[in-house]
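Chemist: At position 152 of the sequence shown the residue is numbered 152 (the UniProt record's numbering), and the sequence of numbers has no breaks.
In this text, a Cβ means the ideal position worked out from N, Cα and C, and glycines have one as well.
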Amino acid sequence: MNVRLTRHHKNIIFASVLMLPAFALLALTIISPLIKSVLMSFTDYSLLAPEQNWNNFANYTELLRSSDFYHSLTVTLRYVVITVILDLVIGMSLAIVLNRNIRFRGFFRSIIMIPWAIPTIVSALIFMWIYQGDYGVLNYVLTNLGIIDDNINWLRSTDYALSSIIVVAVFRQTPLVAVMLLAGLQGISSSLYEAARIDGANGWQVFRKITLPMLKPVIGSVALIMIVNNFQMFTLFFTLTNGGPAGATTSLAIHTYITAFSQYEMGKASAIGVIWLLLLFAFSMVFTRIMNRDDR
């Protein structure tokens with residue numbers, strides 16, 4: 001039986017063949033481990049036990065009754081909210097400055113990306129020396145300026161450890177935010193600003209009535225990207241404090257790591273990951289719906 005394919009069907013088959021390696025890689029690296037983790041979350045799988053038994057929702061029930069889980073969730077939310085707000089505020093300020101006709105604008109646009117280009121672990125190690133309690137640069141500067149009297153061990157203090165991590169995160173992420181917002185600013189027609197100046201609008205009115213509304217889709221996308229990235233931040237927490245002191249910086253990522261590789265409870269760690277994924281998915285859906293609703 002001869003089957004004649006139309007050009008449209010041939011194009012579909014050809015496109016499918018081209019995408020097949022990408023889909024196979026996606027299934028191998030993301031979909032398959034995700035399904036395995038979800039199934040593992042319903043077992044009592046432990047690295048210390050050769051067998052794993054199905055325990056239904058026992059892991060989830062235990063987590064929802066655990067104060068450690070809620071503490072790590074609270075730490076993560078505090079970190080994400082403060083970091084993203086600072087990223088947006090500082091990034092917006094830098095983007096506005098770099099969008100103006102200032103001297104050496106091209107040079108500043110180039111070097112602003114240096115903190116983001118530095119690997120996360122390298123940034124963390126640099127700031128470990130800066131925060132060092134006995135001979136760190138930060139203590140030296142603050143002491144000479146008379147701001148503090150005694151050295152502070154920033155990463156070993158329950159009062160300052162999380163704030164210290166936030167500073168490093170903002171240092172790394174703000175340049176990327178600034179560049180993305182700068183790209184959005186360059187897409188706003190200059191005629192709008194000229195009309196506003198003719199009408200006598202001041203700088204704040206121009207920013208509130210023109211820049212923010214026109215930049216809102218970009219701000220929403222940048223905020224969502226930063227929220228997702230910071231919600232799963234592991235490297236800074238692990239390198240700088242490893243969840244200490246006294247659990248003050250134990251985020252969901254650190255809590256999952258400790259559960260899996262210190263307590264060897266892989267089933268419970270998988271359950272944390274599933275809850276983590278559901279929270280991010282639910283938030284992304286709600287955030288996107290709100291942004292789309294406001295744009296109408």
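1. Assuming GLY91 is part of the alpha helix (DSSP H), what are its boundary residues?
2. Report the residue from ILE272, GLY243 and LYS216 whose alpha carbon sits nearest the alpha carbon of THR288.
3. In whole angstroms, what is the alpha-carbon distance linking PHE171 and VAL122?
4. Straight-line CA distance for PHE237 to LEU20?
5. Kindly confirm or deny that the region 205-222 and the region 118-136 touch, where touching means at least three C-beta pairs closer than 8 Å.
6. Quick check on THR43: does DSSP put it in helix, strand or coil?
7. Leaving out five residues before and five after ILE188 in sequence, what residues of the same chain have Cβ atoms less than 8 Å from its Cβ?
8. Exposed or buried, which one is ALA95 when buried takes at least 16 other CB atoms within 10 Å?
9. Measure the C-alpha to C-alpha separation of THR235 and VAL80 and round it to an integer number of angstroms.
10. Closer than 8 Å by C-beta to MET1: which residues in its own chain qualify, once you throw out the five before and the five after it? Chain order, please.
11. The ligand FAD and LEU145: does the residue's C-beta get closer than 7 Å to at least one heavy atom of that ligand?
12. What residue from ALA248, ALA178, ASN56 and ASP159 has the CA that sits closest to VAL84's CA?
13. Measure how close the beta-carbons of LEU73 and LEU252 come, nearest whole angstrom, since I'm counting them as under 8 Å.
14. For ASP142 and LEU39, I'd like the C-alpha separation in whole angstroms.
15. Touch check for the region 162-171 and the region 191-205: three-plus C-beta pairs under 8 Å?
16. Which whole-angstrom value is the C-beta distance of LEU26 and ILE275, which I expect to be below 8 Å?
17. Below 6 Å CB to CB, which residues in the same chain sit around ALA271 once its five sequence neighbours on both sides are set aside?
18. State whether the region 238-251 contacts the region 149-162, with contact taken as three or more CB pairs (one from each stretch) at a distance under 8 Å.
19. Determine the closest residue to ASN53 out of LEU277, ILE290 and GLY267, with distance taken between C-alpha atoms.
20. Under three-state DSSP, which class holds MET1?
21. Considering TYR257, what are the terminal residues of the alpha helix (DSSP H) in which it resides?
22. For the alpha helix (DSSP H) that contains MET128, what are its first and last residues?
23. Do the CB positions of ALA282 and ASN230 come within less than 8 Å of each other?
Modeler: If we stick to the structure as given:
1. Numbered from 1 along the sequence shown, position 91 holds the residue referred to as residue 91. Counting along the chain, the unbroken alpha helix (DSSP H) around GLY91 starts and ends at 67-99.
2. If you number the sequence shown from 1, residue 288 lands on position 288. Comparing Cα-Cα distances from THR288 to each of ILE272, GLY243 and LYS216, the minimum goes to LYS216.
3. Working through the sequence shown from its first residue, we reach residue 171 at position 171. Working through the sequence shown from its first residue, we reach residue 122 at position 122. Each residue's alpha carbon lies about 13 Å from the other.
4. Within the sequence shown, numbered from 1, the residue matching residue 237 stands at position 237. Within the sequence shown, numbered from 1, the residue matching residue 20 stands at position 20. One Cα belongs to PHE237, the other to LEU20, and the distance between them is close to 38 Å.
5. For the pair of segments examined, the region 205-222 was found not to touch the region 118-136: the number of CB pairs separated by less than 8 Å stays below three.
6. As a first step, residue 43 must be located in the sequence shown, where it is residue number 43. In the three-state scheme derived from DSSP, where H, G and I count as helix and E and B as strand, THR43 is classed as strand.
7. Counting from one through the sequence shown, the residue named residue 188 turns up at place 188. Residues of the same chain with a CB within less than 8 Å of the CB of ILE188, apart from the 5 flanking positions on each side, are ILE210, THR211, MET214 and LEU215 in chain order.
8. For the purposes of this step, residue 95 is identified with residue 95 of the sequence shown, where counting begins at 1. With 16 or more other Cβ atoms within 10 Å, it is buried.
9. Residue numbering aside, residue 235 sits at position 235 when the sequence shown is read from its first letter. Residue numbering aside, residue 80 sits at position 80 when the sequence shown is read from its first letter. Near 14 Å, if we compare the C-alpha coordinates of VAL80 and THR235.
10. Start at 1 with the first residue of the sequence shown, and residue 1 comes out as number 1. With a pLDDT of only 47 at MET1, under 50, the local geometry of the prediction cannot be trusted, and the value read off the model is given with reservation. Cβ within range, chain order: n/a, list empty.
11. Of ligands this structure carries none, so the ligand FAD is not represented either.
12. Reading the sequence shown from its first residue, position 84 is the one you call residue 84. It is ALA178 whose Cα lies nearest to the Cα of VAL84.
13. The residue you call residue 73 lines up with position 73 of the sequence shown. The residue you call residue 252 lines up with position 252 of the sequence shown. That pair is a contact at about 6 Å.
14. For this step, residue 142 is matched to residue 142 along the sequence shown. For this step, residue 39 is matched to residue 39 along the sequence shown. It should be noted that the sequence gives Leu, not Asp, for residue 142. Taking the straight line joining both Cα atoms gives about 52 Å.
15. The region 162-171 is not in contact with the region 191-205.
16. Position 26 of the sequence shown, counting from 1, holds the residue named residue 26. Position 275 of the sequence shown, counting from 1, holds the residue named residue 275. The Cβ separation is near 23 Å, so there is no contact.
17. Numbered from 1 along the sequence shown, position 271 holds the residue referred to as residue 271. Result list for ALA271: SER41, ASN59, TYR60 and LEU63, in chain order.
18. Segments in contact, yes.
19. As a working mapping, residue 53 is identified with position 53 in the sequence shown. Nearest C-alpha to ASN53: GLY267.
20. If you number the sequence shown from 1, residue 1 lands on position 1. With a pLDDT of 47 at MET1, under the threshold of 50, the modelled position of this residue cannot be trusted, and the question is left open.
21. In the sequence shown, residue 257 corresponds to position 257, counting from 1. Element bounds for TYR257: 252-261.
22. Here residue 128 refers to the residue found at position 128 of the sequence shown. Element bounds for MET128: 120-131.
23. As a position in the sequence shown, residue 282 is number 282, starting the count at 1. As a position in the sequence shown, residue 230 is number 230, starting the count at 1. With contacts defined as CB atoms closer than 8 Å, ALA282 and ASN230 fail to qualify as a contacting pair.
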